[in-house]
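In the numbering used here, the protein residues as written are 81 to 564.
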């Protein structure tokens, strides 16, 4: 009997030890989650695209939808992905009655067998009086009216010679899509955008998955870090750029080469592409191909006749604002949660960025490049900025021929490993830079080489340079969220 008990005890101990070891070695994953837009509308016989966002740290196994309490059916998703943006295309029945509703219930299952909490979309049969779908290029003058939402159903270009006017308070939403189907608004060379929001009524560009309505500032359902749900806003002009091979025009990144509306460049430095005032661009940066994402705001050889003031980029998968040549100035800008670089300059841009905030980019705070061809006409200017670095990979990335003048920029919320590159070999200038370091930080570890000569350490709150945050109050989500 004692032998049996001893054997039982040894076996039990082994099982306990094995179980304990297994539990320690098994990774712990969070539960899967799913979000879908709360409402949608469509006419009988019409296809309606519904945006569905899924996350599964253990890897997605399947995503299902049940309609009006029916059986679950599977949506297309790549097994094993940790997150995905899915478009559920629903065909409204031909005999659906005006005003009737269909209820879509979405569930995501992960590879550990866990299921998410349901997400529900209510689709109402009808026109949706305040939402207007934009399905074709804009080839005549058009006005988008206050109080309405405009849904981009694809890559929409305002073509040469035409003007798109957007009134204060308009919300523009991009349908889900990537690759050649990525949605974006392109202002082609020779076209004009007149997007003039107001401090109490900004114009908002966002995703169809965003439930925001005209009159709101913060999204009611999307976190400010969510990105890649649609493309972005691209403005293309006829000013000079410095391109490889010394050509005078090239195709903008983020737009397929087959689309002639993606060309930019020329010789008119005073070119006028219109006005952007009090504009917020959110949740964009869809990828059209390997390493070819769309920036939040892309400015391709935009001329100095264009006015850009009070703009905000939030949660873009690629860069926040990127200039490719041109001469346009930008005043009062904020970039929050860019997935790549916050501020990016290329191809001999020759304008001024004045009074700006950079908040928590995913890669560099600045990527500052020089000309790619022989053309150059002076330096571009970055001044009066505040950089709240957060978890950024780095502060400033220069190349050998970066042609920039940077002054009166304050760096704060720094962490170890973030650096301001050594200075370029051309006649760039840097002066009056200030930084508040983390406890125990050494200035020389952040500002490398000659850049240290122009930087000084200051205590938190004692900086004498930086941006004026008051101009962002009221209309900017970043300001309303307390991130400035």
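Cβ atoms here follow ideal geometry from the backbone N, Cα and C, with glycine treated the same way.
Return the residue from the list the options that minimises the CA-CA distance to residue i.
i           : options            : result
residue 351 : 319, 151, 465      : 319
residue 554 : 264, 380, 281, 249 : 281
residue 507 : 484, 492, 413      : 484
residue 473 : 479, 181, 444, 162 : 444
residue 410 : 386, 397, 519      : 386
residue 502 : 524, 559, 552, 420 : 524
residue 248 : 355, 239, 336      : 355
residue 137 : 121, 161, 116, 144 : 161
residue 489 : 270, 514, 496      : 514
residue 125 : 156, 172, 151, 114 : 172
residue 563 : 517, 492, 203, 156 : 492
residue 551 : 278, 134, 348      : 278
residue 237 : 271, 531, 358, 481 : 271
residue 119 : 128, 224, 526, 331 : 128
residue 471 : 457, 482, 480, 497 : 497
residue 256 : 244, 232, 273      : 232
residue 559 : 388, 415, 338      : 415
residue 243 : 527, 155, 223, 227 : 223
residue 135 : 227, 258, 190, 466 : 190
residue 110 : 480, 505, 163      : 163
residue 561 : 439, 517, 467, 475 : 439
residue 479 : 457, 505, 465      : 505
residue 311 : 397, 347, 227      : 397
residue 457 : 388, 347, 533, 332 : 347
Taking the CB atoms as reference points, tell me whether residue i and residue j lie closer together than 8 Å.
i           : j           : result
residue 215 : residue 241 : no
residue 353 : residue 315 : yes
residue 365 : residue 317 : no
residue 178 : residue 205 : yes
residue 140 : residue 159 : yes
residue 391 : residue 422 : no
residue 183 : residue 148 : yes
residue 342 : residue 373 : no
residue 143 : residue 153 : no
residue 495 : residue 469 : yes
residue 239 : residue 268 : yes
residue 289 : residue 309 : yes
residue 336 : residue 368 : yes
residue 477 : residue 519 : no
residue 420 : residue 449 : no
residue 150 : residue 203 : no
residue 557 : residue 360 : yes
residue 526 : residue 517 : yes
Let me see if you follow: with CB-CB separation under 8 Å, is residue i close to chain D or not?
i           : result
residue 401 : No chain D appears in the structure shown, which is made up of a single protein chain.
Cβ of residue i versus every heavy atom of the ligand ADP: is any distance shorter than 7 Å?
i           : result
residue 457 : Looking at this structure, you won't find the ligand ADP or any other ligand, since it has none at all.
In chain order, what residues of the same chain have a beta carbon less than 6 Å from the beta carbon of residue i, not counting five sequence neighbours either side?
i           : result
residue 578 : The question about residue 578 has no answer, for the chain in this structure spans 81 to 564.
residue 402 : 375, 378, 424
residue 381 : 317, 319, 321, 344, 345, 405, 406
residue 104 : Its pLDDT being 42, under 50, residue 104 is placed unreliably by the model, and nothing is read from it.
residue 132 : 116, 166, 168, 186
residue 543 : 490, 514
residue 466 : 437, 490, 546, 547
Can you list, in chain order, the residues of its chain whose CB lies under 7 Å from that of residue i, leaving out five sequence neighbours each side?
i           : result
residue 395 : 304, 305, 306, 307, 362, 363, 417
residue 292 : 251, 284, 286, 299, 300
residue 529 : 502, 503
residue 176 : 124, 205
residue 509 : 485
residue 358 : 277, 278, 279, 282, 283, 390, 555
residue 180 : 205
Starting from the C-beta of residue i, find all residues in its chain whose C-beta is less than 8 Å away, skip the five residues before and the five after it, and write them out in chain order.
i           : result
residue 102 : Bear in mind that a pLDDT of 40 at residue 102, under 50, signals an unreliable position, so the number given afterwards is only what the model happens to contain. For residue 102, where only same-chain residues beyond five positions count, there are no Cβ hits under 8 Å.
residue 229 : 210, 211, 212, 250, 251, 252, 253, 293, 294
residue 330 : 321, 323, 343, 344, 345
residue 431 : 384, 403, 406, 407, 408, 409, 410, 460, 461
residue 521 : 494, 496
residue 258 : 165, 308, 366, 367, 368
residue 338 : none
residue 225 : 247, 250
>> My parser needs the beta strand (DSSP E) runs of 3 or more residues fully inside the stretch 119 to 184; what are they?
In response: 119 to 122, 127 to 135, 140 to 147, 153 to 155, 163 to 171
> Can you list the beta strand (DSSP E) stretches of 3 or more residues lying completely in the stretch 413 to 452, in chain order?
Replying inline: 423 to 426, 432 to 439, 444 to 448
>> Threshold first: 4 residues or longer. Then list the alpha helix (DSSP H) segments lying entirely within the stretch 486 to 556, N to C.
In response: 523 to 526
>> For the pair the stretch 188 to 204 and the stretch 215 to 228, tell me if three or more CB-CB distances fall below 8 Å.
In response: no
> Can we say the stretch 545 to 561 touches the stretch 432 to 448, given the rule of at least three CB pairs closer than 8 Å?
Replying inline: yes
>> Please give me, in chain order, every unbroken run of the beta strand (DSSP E) with length at least 3 that falls completely inside the stretch 284 to 335.
In response: 313 to 316
> Is it true that the stretch 449 to 468 meets the stretch 416 to 430, where meeting means three or more beta-carbon pairs spaced less than 8 Å apart?
Replying inline: The stretch 449 to 468, when compared against the stretch 416 to 430, does touch it at the 8 Å Cβ threshold.
>> I'd like the ranges of any beta strand (DSSP E) spanning at least 3 consecutive residues and lying wholly in the stretch 376 to 416.
In response: 377 to 380, 387 to 394, 401 to 404, 410 to 416
>> Does the stretch 524 to 542 come into contact with the stretch 259 to 270, if we say contact requires no fewer than three beta-carbon pairs (one atom in each stretch) closer than 8 Å?
In response: no
> Going along the chain, which unbroken runs of the beta strand (DSSP E) with 3 or more residues stay wholly within the stretch 246 to 291?
Replying inline: 251 to 254, 264 to 267, 272 to 276, 283 to 287
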